[in-house]
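Residue numbers (the working numbering): 10 to 155.
All residues carry an ideal CB built from backbone N, CA and C; glycine is no exception.
Single-structure report; data block below.
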Amino acid sequence: MKNGMDIDLDKHPKAKNARKKPVPVTVRFACKAGMIQTQEGSVEYGVGDAICTGVEGEQWPIQRHRFEATYEPMDGQAMGEDGRYVKRPVPVRVLRMDAPFYVETGWGRLEGKAGDWLVEYGPADRGVVSSAIFDKTYELLEGPSA
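So, in structure tokens, the structure goes:
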């Protein structure tokens, strides 16, 4: 199984630029620490972290400070209140993987299969997005590396 952290997405010939579509997610904020089963593996979360539910009912946690830096409330609620949020359209680097792979994150190991996407949100910050969910929630950008 390939380690997705070892792939240089700035130099990989098949890596592309993408951004998250403005697709709403439902969010609740954790009252206590716990673990959640995501599509990519079991992931721990802490008090105050955002537990997001996506377009296919999939769930994943986001550390509170990261959530507040990348999402906006949709329905007039204050940041930090349960409700619907949308991710700010920040560019990311992506690579559709041709074999099973994994990434180690600060909250657990995420695994993907052939056809899933390796997504780089920033330096040493990577994730796994299934092919079906990627198609619904991301758009590839035009340009020389798209």
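- Between the region 95-112 and the region 20-29 there are three or more inter-stretch CB-CB distances shorter than 8 Å, so the stretches are counted as touching.
- Taking C-alpha positions only, GLU81 is separated from LYS11 by approximately 34 Å.
- Judged by DSSP secondary structure, SER140 falls within the alpha helix (DSSP H) whose first and last residues are 140-146.
- For the pair ARG93 and THR79, the CB atoms are not nearer than the 8 Å cut-off.
- Assigned with DSSP and collapsed to three states, GLY55 falls in coil, not helix or strand.
- For the pair ARG75 and VAL112, the CB atoms are not nearer than the 8 Å cut-off.
- For ASP125, the number of other beta carbons within 10 angstroms of its own is at least 16, and it is reported as buried.
- Counting C-beta atoms within 10 angstroms of its own C-beta, VAL34 has 16 or more neighbours from the protein chains shown and is therefore classed as buried.
- In this structure, ILE60 keeps its C-beta atom at 8 Å or more from the C-beta atom of VAL32.
- Beta-bridge partners assigned by DSSP to GLN68: THR62.
- If you draw a straight line from the Cα of ILE142 to the Cα of MET88, it is about 25 Å long.
- Just measuring C-alpha positions, the residue of THR62, PRO109, ASP107, MET106 sitting nearest ASP91 is THR62.
- In the three-state reduction of the DSSP assignment, GLU129 falls in the strand class.
- THR47 and SER140 have their C-alpha atoms spaced approximately 15 Å apart.
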